[in-house]
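In what follows, a structure is listed as structure tokens, so that the remarks can point back to it.
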Amino acid sequence: MEKDRIVMSYDKDADTVYISFGKPRKAVSEEIDPYVIVRRDPKTKEMVGITITNFSKYFETKKRLSIETPAS
């Protein structure tokens with residue numbers, strides 16, 4: 005994972021947060037909970053991003069951003 009560059013954006017209309025690690029690249033999505041989708045490089049299985057849907061509700065429920073992802 006390219007840890008030195010994290011890009012985060014928020015789409016207010018969709019109430020969705022997009023977090024990318026490094027340059028955008030092709031990925032496969034893996035839903036790890038009802039609000040959190042992890043994006044992984046299809047070849048290396050390296051995590052390249054996270055999408056959090058219904059962010060306001062997620063943050064209200066969780067009170068902090070602590071996302072544990074299963075090992076690849």
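Using my numbering, the first residue of the sequence shown is number 5, and each one after it goes up by one.
Backbone N, C-alpha and C fix where the C-beta goes; we use that ideal spot for every residue, glycine too.
Where residue i sits in the DSSP three-state scheme
{"i": "Tyr-14", "result": "strand"}
{"i": "Tyr-22", "result": "strand"}
{"i": "Glu-50", "result": "coil"}
Segment limits, beta strand (DSSP E) that includes residue i
{"i": "Arg-9", "result": "No beta strand (DSSP E) holds Arg-9; DSSP gives it neither H nor E."}
{"i": "Asp-45", "result": "Where Asp-45 is concerned, there is no enclosing beta strand (DSSP E), given that its DSSP letter is neither H nor E."}
Residue i versus residue j - alpha carbon distance
{"i": "Thr-57", "j": "Val-32", "result": "17 Å"}
{"i": "Gly-26", "j": "Glu-50", "result": "11 Å"}
{"i": "Val-52", "j": "Val-40", "result": "14 Å"}
{"i": "Asp-8", "j": "Pro-28", "result": "14 Å"}
{"i": "Pro-38", "j": "Lys-16", "result": "19 Å"}
Residue burial classification, residue i (beta-carbon count within 10 angstroms, cutoff 16)
{"i": "Val-21", "result": "buried"}
{"i": "Tyr-14", "result": "exposed"}
Within 8 Å, strictly: CB atoms of residue i and residue j
{"i": "Arg-44", "j": "Glu-34", "result": "yes"}
{"i": "Phe-63", "j": "Asp-19", "result": "no"}
{"i": "Ser-24", "j": "Val-11", "result": "yes"}
{"i": "Lys-30", "j": "Pro-46", "result": "yes"}
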